[in-house]
Structures are given as structure tokens and as C-alpha cells.
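Quick note: the sequence shown uses this note's numbering, first residue 6, plus one each step. We put the beta carbon where it would ideally sit given N, CA and C, even for glycine. Here's the structure we're looking at; comments come further down.
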Amino acid sequence: MMLRRIMLPLMGGAGLAGCVAYPQPVAYAPAAPPPPAPIYVAPPPPPPPAVYVAPRPRRVWVPRRCDAWGRCWGGYWRVR
Numbered sequence: 006m007m008l009r010r011i012m013l014p015l016m017g018g019a020g021l022a023g024c025v026a027y028p029q030p031v032a033y034a035p036a037a038p039p040p041p042a043p044i045y046v047a048p049p050p051p052p053p054p055a056v057y058v059a060p061r062p063r064r065v066w067v068p069r070r071c072d073a074w075g076r077c078w079g080g081y082w083r084v085r
């Protein structure tokens with residue numbers, strides 16, 4: 006019993022009392038995951054080509070009758 010009390014601290018100081026440092030990872034320890042790969046995003050597509058759209062036709066009011074004082078009645082809308 007006395008010999009164990011003396012030998013255990015001596016062996017512990019020398020690194021032989023229990024744990025042994027392994028140079029390679031042990032089988033039950035998980036390996037480190039690989040570093041994440043970079044994720045490349047495609048550039049946005051170019052805008053579609055411009056398409057010309059004709060403006061809406063302009064309407065003009067055409068009176069039917071006007072008198073000498075500039076009063077008008079009747080008429081219609083004409084599309085230019």
C-alpha cells in the first residue's frame with residue numbers, strides 16, 4: 006500500500022499514470038469538418054431590350070357650331 010502511494014506520484018510526474026498523448030486522433034474522436042466551400046452566385050441577367058410603344062392617341066374636341074361671340078355647341082372628339 007505504501008509502495009503505491011510513493012510510485013503513483015512518480016509515475017504521474019513522468020506521464021505514465023493514465024493518459025497517453027496520441028500523435029494521431031483516436032477512433033472515437035470526430036474528425037474536424039472540412040472548411041466550407043465558397044458559394045458563387047451568378048450575376049443578374051441583363052435587362053431585356055427596350056421595346057418602343059406608341060403613345061396613346063391624342064384626342065381633340067371639334068365643335069360643330071360656334072357663333073360670333075365664341076360660344077360653341079355640339080361637337081365631337083377627333084383622334085389625332
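- Here P14 carries a helix assignment [DSSP, helix/strand/coil].
- The alpha carbon of R85 has as its nearest neighbour, out of P50, R63, M12 and Y57, the alpha carbon of R63.
- In this structure, DSSP gives P60 a state outside helix and strand, which the three-state scheme calls coil.
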